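J.:
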Amino acid sequence: MKALTQKATILMLGVFLNVAGIGALMPHSASAQRVCQTYRVTRNFGLYVYVNGGKRIIATLPYNQIVGVIGLSDGGDWAKIRYLRVDGRYGEGWVSSQFLTCFQN
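If you read the sequence shown in my numbering, its first letter stands for residue 4, the second for the next number, and so on.
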């Protein structure tokens with residue numbers, strides 16, 4: 004019985020260290036977002052901005068437009084952005100995150 008308890012303790016310690024090691028190596032999404040909050044549109048023919056759950060296109064952003072990312076979908080496929088409109092106001096909507104690259108000044 005004592006040997007079984009020792010093996011279980013060693014196994015639990017190994018699992019704990021494994022999980023702690025993975026947590027230390029994997030970047031958290033919140034810290035990853037802080038690194039780069041400004042992105043550039045990299046789709047050649049523009050990028051559609053959606054609202055209402057993707058039911059309505061409200062704008063097309065041109066190639067090289069600089070946008071700010073203010074949120075991500077659960078899977079990371081969609082980014083909620085804030086962008087400067089032609090009339091000088093700011094607009095918000097959802098775009099495909101695959102066509103955004105980090106922009107560092």
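The beta carbon of each residue, even a glycine, is placed where N, CA and C say it ideally should be.
All figures in this text were calculated on a predicted structure; none of them were measured in a lab.
1. Out of I84, L75 and G79, which one is the CA nearest neighbour of L64?
2. Which residues in the same chain have their Cβ closer than 6 Å to the Cβ of A73, if we skip the five residues on either side of it in sequence?
3. Please state the DSSP three-state secondary structure of S100.
4. Taking buried to mean at least 16 other C-beta atoms within 10 Å of its own C-beta, is G57 buried or exposed?
5. Anyone know if the C-beta pair for G79 and T41 falls short of 8 Å?
6. Does G96 pass the burial test, meaning 16 or more other C-beta atoms within 10 Å, or should it be called exposed?
7. According to DSSP, simplified to helix, strand and coil, what is G56?
8. Using 10 angstroms around the beta-carbon of V89, count the other beta-carbons present and answer buried if the total reaches 16, otherwise exposed.
T.: From the atom records:
1. Counted from its first residue, the sequence shown places residue 64 at position 61. Comparing Cα positions, the closest option is I84.
2. Locating residue 73 in the sequence shown gives position 70, counting from the first residue. A small fix is needed here, since residue 73 is Ile in this sequence, not Ala. So the list reads K83 and R85, once near-sequence residues are dropped.
3. Working through the sequence shown from its first residue, we reach residue 100 at position 97. In the three-state DSSP reduction, S100 falls in the helix class (H, G or I).
4. Stepping through the sequence shown from its first residue, residue 57 is reached at position 54. Classification for G57: exposed.
5. For the purposes of this step, residue 79 is taken as the residue at position 76 of the sequence shown. For the purposes of this step, residue 41 is taken as the residue at position 38 of the sequence shown. No; because the gap between Cβ atoms is not below 8 Å, this pair is not in contact.
6. The residue labelled residue 96 in the question sits at position 93 within the sequence shown. G96 should be labelled buried.
7. By one-based count along the sequence shown, residue 56 stands at place 53. G56 falls in the coil class under three-state DSSP.
8. By one-based count along the sequence shown, residue 89 stands at place 86. Looking at its Cβ environment, which holds fewer than 16 other Cβ atoms inside 10 Å, V89 is exposed.
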